[in-house]
Ligand code: FNR
């Protein structure tokens with residue numbers, strides 16, 4: 003068994019002061035000893051276009067898919083837009099779902115977290131994103147969940163996760179994700 007599992011972390015918001023980017027940064031810090039999280043910026047991934055794909059993956063997409071293939075698991079940290087998964091995250095999943103059955107996401111362990119200023123903490127967006135993994139045959143961890151609600155109260159002005167309870171939840175979540183990933187690697 004590998005001493006350290008390698009996780010690729012992606013945030014579904016492109017905003018520099020994004021709560022979800024901040025939450026991903028907290029996860030990098032709080033990862034257990036047996037887990038290393040590296041991040042990939044979805045700014046590099048253009049909108050999915052089957053014509054472009056037919057001519058060969060754009061450089062950013064090729065790098066993204068390769069990063070997923072090299073990782074033991076993927077941590078997706080996403081906002082919720084209009085009760086669903088934002089286009090930035092769904093678009094990245096769509097690219098990484100291709101070609102079907104041999105895609106970078108095929109058989110890959112995945113976990114979801116999210117932060118929102120509202121009271122539901124991205125619950126509906128995460129539920130919707132989970133459905134995609136039925137098609138990609140990815141192993142999305144069912145529990146525990148990290149739904150960071152009222153998130154503006156939980157990060158400081160520099161985007162550091164300061165709420166102790168949330169830090170504890172993220173830590174427990176990552177310990178569970180390590181165990182989840184080790185079932186498959
Ligand atoms: C939102 N927001 C939002 N929040 C929520 O909890 N449920 C929702 O359905 C929506 N819908 C929504 C739609 C659109 C188009 C935007 C721009 C925003 C608010 C959202 O949670 C908030 O802007 C977060 O700060 C976005 O995440 P980042 O960018 O901070 O990571």
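Numbering (my numbering), first residue to last: 3 to 187. For every residue, glycine included, the Cβ atom is placed at its ideal position computed from N, Cα and C.
A direct Cα-Cα distance of roughly 14 Å separates residue 90 from residue 128. Under DSSP, residue 157 forms a beta bridge with 163. Counting C-beta pairs with one atom in each stretch, the region 22–36 and the region 50–62 have fewer than three that are closer than 8 Å, which means they do not touch. Under the three-state reduction of DSSP, residue 138 is assigned to helix.
Distances from the alpha-carbon of residue 85 to those of 126, 110, 102 put 126 closest. Distances taken from the Cβ of residue 84 to the heavy atoms of the ligand FNR include one shorter than 6 Å. If you check the C-beta of residue 140 against the ligand FNR, you find no heavy atom less than 6 Å away. Under a 10 Å Cβ-count criterion, residue 37 is classified as buried, with 16 or more other Cβ atoms of the shown protein chains found around its own Cβ. Only residues of its own chain outside the window of five on either side were considered, and among them 112, 142 have a CB closer than 7 Å to the CB of residue 135, listed in chain order. 7 Å or more divides the Cβ of residue 95 from the Cβ of residue 10. Measuring C-alpha to C-alpha distances from residue 144 to each of 178, 109, 173 identifies 178 as the nearest.
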